[in-house]
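Which chain is which? The protein sequence lines are D and W, in order.
Residue numbers 1378 to 1891, in my numbering, belong to the letters of the first sequence in order.
Residue numbers 2 to 342, in my numbering, belong to the letters of the second sequence in order.
Positions of the beta carbon are idealized from the N, C-alpha and C atoms, including for glycine.
Worksheet for the structure shown next.
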Amino acid sequence: MVDSMSAANPFEDPLRFERRAPPCAVVIFGANGDLTKRKLLPALYRLSYERRIPQTFAIIGNSRTEMSDDDFRAKMKESVQQFLEDAPFDESVWESFVRGLYYTPGDLNDSACYQAIAAKLADVDKQHQTAGNVLFYLSTQPSYYSSVVQQLGQHGLNHGSGWRRVIIEKPFGHDLASARQLNSEIHTVFDESQIYRIDHYLGKETVQNILAFRFGNGIFEPLWNRGYVNSVQITAAESIGVEGRGAYYQEAGALRDMIQNHLMQVMATVAMEPPTVYDADSVRDERAKLLRAIRILKPDEVPVRAVAGQYGPANVGGKALLGFRQEPGVNPVAQTDTYAAVTFYIDNWRWAGVPFYVRSGKRLPKRITDIAINFNAPPLSLFRQDTKSGLMAPRPNLLILRIQPEEGISLRFLSKSPGSGMKVRPVSMDFNYGSSFGERSPTAYETLLVDALTGDATLYTRQDMVEASWQVVEPILESWAAQKFEFPNYDSGTWGPRASDEMLARNGHTWRVP
Amino acid sequence: MSGVLSAQPEVILKELGRLWTSVGEDEHSKGKPSVLRACAMTLIVATDTEDTDAFEATQTVISLMQSHPSRAIFLRRSPDAENGISARVLAQCWMPFGKAQQICCEQVEIDATGERWIEVGPTLRGIIVPDLPVVVWCRQRSLLWGKSLKGTPGWDTILPLATKVIADTADASAAGAAPLRQALDTISLWQTDDRAAGDLEWTRLTPWREAIAEAFDDPQLLAQRESFHSVEIATASHAPSSAALYLFGWLAGRLNLTPTFTAVESGTSGLARVALRGSGTSLVLERNSPECMRLTIGDRSHSFSMQPPSLFNLMHEELTVLGRDDEFRAALARAREVPGA
Chain D
1378 MVDSMSAANP FEDPLRFERR APPCAVVIFG ANGDLTKRKL LPALYRLSYE RRIPQTFAII
1438 GNSRTEMSDD DFRAKMKESV QQFLEDAPFD ESVWESFVRG LYYTPGDLND SACYQAIAAK
1498 LADVDKQHQT AGNVLFYLST QPSYYSSVVQ QLGQHGLNHG SGWRRVIIEK PFGHDLASAR
1558 QLNSEIHTVF DESQIYRIDH YLGKETVQNI LAFRFGNGIF EPLWNRGYVN SVQITAAESI
1618 GVEGRGAYYQ EAGALRDMIQ NHLMQVMATV AMEPPTVYDA DSVRDERAKL LRAIRILKPD
1678 EVPVRAVAGQ YGPANVGGKA LLGFRQEPGV NPVAQTDTYA AVTFYIDNWR WAGVPFYVRS
1738 GKRLPKRITD IAINFNAPPL SLFRQDTKSG LMAPRPNLLI LRIQPEEGIS LRFLSKSPGS
1798 GMKVRPVSMD FNYGSSFGER SPTAYETLLV DALTGDATLY TRQDMVEASW QVVEPILESW
1858 AAQKFEFPNY DSGTWGPRAS DEMLARNGHT WRVP
Chain W
2 MSGVLSAQPE VILKELGRLW TSVGEDEHSK GKPSVLRACA MTLIVATDTE DTDAFEATQT
62 VISLMQSHPS RAIFLRRSPD AENGISARVL AQCWMPFGKA QQICCEQVEI DATGERWIEV
122 GPTLRGIIVP DLPVVVWCRQ RSLLWGKSLK GTPGWDTILP LATKVIADTA DASAAGAAPL
182 RQALDTISLW QTDDRAAGDL EWTRLTPWRE AIAEAFDDPQ LLAQRESFHS VEIATASHAP
242 SSAALYLFGW LAGRLNLTPT FTAVESGTSG LARVALRGSG TSLVLERNSP ECMRLTIGDR
302 SHSFSMQPPS LFNLMHEELT VLGRDDEFRA ALARAREVPG A
């Protein structure tokens, strides 16, 4: 069951060659779903375009819908053409790619479905020389994860002549107990080294760049602690609403959907200790340690340190926008948090006493994800702060790590205004990822798929990380479930409920406007 | 673009400053955000009147700016240089798709006659971008091989500025074994602990090497590596080209075998085939046509597209490898050991 590493290829030249996937077959469960159409197939096609997946490669799609191989291929071609990001579609590459694309319909609860997949795998192994390597991708509804894995085990598909791995999409459970239950069920079939829990945020170039920025430079890390950092703000704002996902979203909410997974992983990346080496286990050990160090809120702390919000209707830019409760499929009295903000504290030597403000919401003024590191003010203010005379109040240094959409890093510092007298004003020094590296960046799914195919789990979440983050948010979820909120409490197109501003004001802080 | 300037560093730098102010004011007057200046290296392109593809090289460097923003300095050795040595500066700007702010890079052109060429080094010392890598793309054939190799004053002041020097030995290959030997020796001399060298002929091999490496991703073939007993490199010319010599060096190092060369009739120039043969297995990679390759392992074979890389692709790859490239160093060292090369 253990995922063994293959012997090193002596012909490799990592300086010059792009990292390639080895021969293998990918089985996608839920191949008729949105994720496959919008992300997975375009990513796999793009990898093929860049010759990062070999000729000895095949994809088997599965879903309940009856379709022939050709029907599936036609459908996927349409999706790839529609959803390919920043890259051309090349007919000749598609022709070669599609030769390895197959479809096996079947009900996930039906044993015959897995027999058919096993037969197809044997067939493609012969035809495409996939070396017995298989990656299973669970892109189904989360309620199927456990049963699919059990069926894979019962049909002996969890082991073979090559390696076997499984990618599982989020959410990994809906609370701590269900996450533990799911993990233990999956572990009866797959070893932890074979399990790749995907959090696509970690695959984003700029999230990976946080590690390069912190640990590749000598000048920032000495400042990266409670002695110099006053507070940290992590924002993931969306301007859109639930966009037809109301039924799903009202069961999830912003805290579960964004903070428990994506933003806590981002926070762990920002705050973790340096790993001793850059390998999957060392990096994940440090992330896990950080997540375990986050202070768990007591029930009486939740109202002070966490804020739930829900958007109401509004007119934005001449367009009437529905409130969450008016969205199709949503309960008109839903208590769902479409906005969540939490003040976290990390109880370790580096971060003790530094608040980490994390917020995420829908229907905010714009789509942006960034991290703002607020540094302490200088111990003595030498320059005039007389705001009445038109001078701006000096503001402490601020480092912004922008994740999307304008990926980059900015440092705000004070500079003397031109002219006589010592008048200072803030200026910004910008590094723009797009202009400094004009090349197309791989999408998160391209990065993560190649990682899983090459056996690199650095950017995947581990069981202990998932459980640690559930442990942190669970008291908040429980407290909110026991309350009745007076929703809606913020208008679409605003930066969230007033209570969120008040939460920071109690610490003498304000949310920055990204 | 500026008018003709004196090639003194302070004059060039002042003109660059004026250029940025003027570009910024121009955008500001249109109510647009100021331009974003991008620079990750100094890229010096040394050409002369024998460089018949100088225009293509200029266009390549301008295209490369989007992925490798640089202060590009074109040095042209020309008998027609105004006042014996002169300069011009200009900005290369582009608007990234979907963005509102232009990105600009700097371009400096310096023309010098043979007699004044010696003054180019001191000018460069004053105008290279501090604290960033300096790449010299050497397109002057006379600096690489030929009778005048030792007779190019000024090069010894330019070379020490470089973090990396890139050349192309394709012409030397075409000129014969002696010029090729001279070119390989020159590149070898350029390499120091602090300075890397590159050869676009080695870069042209990347798709070949990558296809071979990809074949060895198959664990069965990898396990049979020790059983290979012969390697044949077939070229369309009778004398091995630098690409063939580099491939020799690379494969000899990987397989601990001494490859042999053969000349074949081929519709295309350059490398035609590489064949690894062993007891019970073989790997043959061959060019079917200028755009198509065939890989045969045992009795399995498949064809795939492999367009000859453009000058842009070659330079793009070289500019991503600015540090020490041990694979190239080893291949170059072995290539120079080939008798008769």
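Got a sec, what are the start and stop residues for the alpha helix (DSSP H) residue i sits in?
{"i": "residue 168 of chain W", "result": "Unbroken run through residue 168 of chain W is the beta strand (DSSP E), 165-168; no alpha helix (DSSP H)."}
{"i": "residue 1490 of chain D", "result": "1488-1505"}
{"i": "residue 1366 of chain D", "result": "Because chain D here runs from 1378 to 1891, residue 1366 of chain D falls outside it and cannot be looked at."}
{"i": "residue 1608 of chain D", "result": "Here residue 1608 of chain D belongs to no alpha helix (DSSP H); instead the beta strand (DSSP E) covers 1606-1614."}
{"i": "residue 1520 of chain D", "result": "Looking at the DSSP string, residue 1520 of chain D is not in any alpha helix (DSSP H), and its letter there is neither H nor E."}
{"i": "residue 1563 of chain D", "result": "1553-1564"}
{"i": "residue 12 of chain W", "result": "10-30"}
{"i": "residue 1577 of chain D", "result": "Looking at the DSSP string, residue 1577 of chain D is not in any alpha helix (DSSP H), and its letter there is neither H nor E."}
{"i": "residue 1618 of chain D", "result": "Per DSSP, residue 1618 of chain D belongs to no alpha helix (DSSP H) and is neither H nor E."}
{"i": "residue 1828 of chain D", "result": "1821-1831"}
{"i": "residue 241 of chain W", "result": "Where residue 241 of chain W is concerned, there is no enclosing alpha helix (DSSP H), given that its DSSP letter is neither H nor E."}
{"i": "residue 1732 of chain D", "result": "Note, residue 1732 of chain D: premise wrong, no alpha helix (DSSP H); beta strand (DSSP E) at 1732-1738."}
What distance in whole Å lies between the Cβ atoms of residue j and residue i, which are believed to be in contact at a cut-off of 8 Å?
{"i": "residue 125 of chain W", "j": "residue 45 of chain W", "result": "7 Å"}
{"i": "residue 85 of chain W", "j": "residue 117 of chain W", "result": "4 Å"}
{"i": "residue 1891 of chain D", "j": "residue 1745 of chain D", "result": "5 Å"}
{"i": "residue 1774 of chain D", "j": "residue 1759 of chain D", "result": "Not really, about 15 Å apart at Cβ, beyond 8 Å."}
{"i": "residue 1587 of chain D", "j": "residue 1647 of chain D", "result": "6 Å"}
{"i": "residue 1436 of chain D", "j": "residue 1478 of chain D", "result": "5 Å"}
Grouping DSSP H, G and I as helix and E and B as strand, with all else coil, what is residue i?
{"i": "residue 1868 of chain D", "result": "strand"}
{"i": "residue 1515 of chain D", "result": "strand"}
{"i": "residue 1508 of chain D", "result": "coil"}
{"i": "residue 338 of chain W", "result": "helix"}
{"i": "residue 1415 of chain D", "result": "helix"}
{"i": "residue 1887 of chain D", "result": "coil"}
{"i": "residue 329 of chain W", "result": "helix"}
{"i": "residue 191 of chain W", "result": "helix"}
{"i": "residue 1641 of chain D", "result": "helix"}
{"i": "residue 144 of chain W", "result": "helix"}
{"i": "residue 317 of chain W", "result": "helix"}
{"i": "residue 7 of chain W", "result": "coil"}
{"i": "residue 1880 of chain D", "result": "helix"}
{"i": "residue 1382 of chain D", "result": "Unreliable placement is indicated for residue 1382 of chain D, whose pLDDT of 41 sits below 50; the coordinate value is still reported in the next sentence. Three-state result, residue 1382 of chain D: coil."}
{"i": "residue 198 of chain W", "result": "strand"}
{"i": "residue 1647 of chain D", "result": "helix"}
{"i": "residue 114 of chain W", "result": "coil"}
{"i": "residue 1874 of chain D", "result": "coil"}
{"i": "residue 1799 of chain D", "result": "coil"}
{"i": "residue 324 of chain W", "result": "coil"}
What are the boundary residues of the beta strand (DSSP E) that residue i is part of?
{"i": "residue 236 of chain W", "result": "229-236"}
{"i": "residue 1587 of chain D", "result": "Unbroken run through residue 1587 of chain D is the alpha helix (DSSP H), 1582-1592; no beta strand (DSSP E)."}
{"i": "residue 129 of chain W", "result": "No beta strand (DSSP E) contains residue 129 of chain W, which DSSP labels as neither H nor E."}
{"i": "residue 1746 of chain D", "result": "1745-1752"}
{"i": "residue 1408 of chain D", "result": "Premise fails: residue 1408 of chain D is in no beta strand (DSSP E) and is neither H nor E."}
{"i": "residue 1696 of chain D", "result": "1696-1698"}
{"i": "residue 1793 of chain D", "result": "1785-1793"}
{"i": "residue 287 of chain W", "result": "282-290"}
Legend entry - the segment 1725-1738 of chain D in contact with the segment 1612-1620 of chain D per 3-pair CB rule at 8 Å: Touching, yes.
Legend entry - Cβ contact (3+ pairs, closer than 8 Å) linking the segment 1420-1432 of chain D and the segment 1465-1477 of chain D: The answer is yes - the segment 1465-1477 of chain D touches the segment 1420-1432 of chain D, with three or more Cβ pairs under 8 Å.
Inset, instruction - Spell out a yes or no on whether the segment 1588-1602 of chain D and the segment 1549-1565 of chain D are touching, meaning 3 or more CB-CB pairs, one atom from each, closer than 8 Å. - result: For the pair of segments examined, the segment 1588-1602 of chain D was found not to touch the segment 1549-1565 of chain D: the number of CB pairs separated by less than 8 Å stays below three.
Inset, instruction - Check whether the segment 42-60 of chain W touches the segment 134-145 of chain W, taking contact to mean three or more Cβ pairs, one atom from each stretch, closer than 8 Å. - result: A contact between stretches requires three or more CB pairs, one per stretch, nearer than 8 Å, and the segment 42-60 of chain W meets this requirement with the segment 134-145 of chain W.
Inset, instruction - Take every Cβ of the segment 1876-1888 of chain D, pair it with every Cβ of the segment 1694-1709 of chain D, and state whether three or more of those distances are shorter than 8 Å. - result: As far as the Cβ criterion goes, the segment 1876-1888 of chain D does not touch the segment 1694-1709 of chain D, which means the pair count is below three.
Legend entry - Three or more C-beta pairs below 8 Å linking the segment 1790-1805 of chain D and the segment 1814-1834 of chain D: Per the Cβ contact rule, the segment 1790-1805 of chain D is not in contact with the segment 1814-1834 of chain D (fewer than 3 Cβ pairs under 8 Å).
Legend entry - Inter-stretch contact at 8 Å, needing at least 3 Cβ pairs: the segment 162-174 of chain W / the segment 75-90 of chain W: Flag = no, the segment 162-174 of chain W and the segment 75-90 of chain W do not touch.
Inset, instruction - At 4 residues or longer, and completely inside the segment 1412-1458 of chain D: list those alpha helix (DSSP H) runs for me, N to C. - result: Runs found: 1418-1426.
Legend entry - Cβ contact (3+ pairs, closer than 8 Å) linking the segment 313-330 of chain W and the segment 55-70 of chain W: In short, these stretches touch, since the Cβ pair count reaches three.
Inset, instruction - Could you tell me whether the segment 1416-1423 of chain D touches the segment 1526-1536 of chain D, where touching means 3 or more Cβ pairs closer than 8 Å? - result: Counting Cβ pairs under 8 Å, fewer than three are found: no touch.
Legend entry - Meets three-Cβ-pair contact criterion under 8 Å: the segment 237-247 of chain W and the segment 189-198 of chain W: Taking one beta carbon from each stretch, the segment 237-247 of chain W and the segment 189-198 of chain W have fewer than 3 pairs nearer than 8 Å; the two do not touch.
Inset, instruction - Would you be able to state if there are at least three C-beta pairs under 8 Å between the segment 247-255 of chain W and the segment 201-215 of chain W? - result: In the pairwise beta carbon analysis, the segment 201-215 of chain W is classified as touching the segment 247-255 of chain W: at least three pairs are separated by under 8 Å.
Legend entry - Inter-stretch contact at 8 Å, needing at least 3 Cβ pairs: the segment 1628-1647 of chain D / the segment 1713-1723 of chain D: Under the Cβ criterion (8 Å, minimum of three pairs), the segment 1628-1647 of chain D counts as touching the segment 1713-1723 of chain D.
Inset, instruction - Evaluate contact between the segment 1636-1653 of chain D and the segment 1676-1687 of chain D, counting only Cβ atoms and requiring at least three cross-stretch pairs below 8 Å. - result: Flag = no, the segment 1636-1653 of chain D and the segment 1676-1687 of chain D do not touch.
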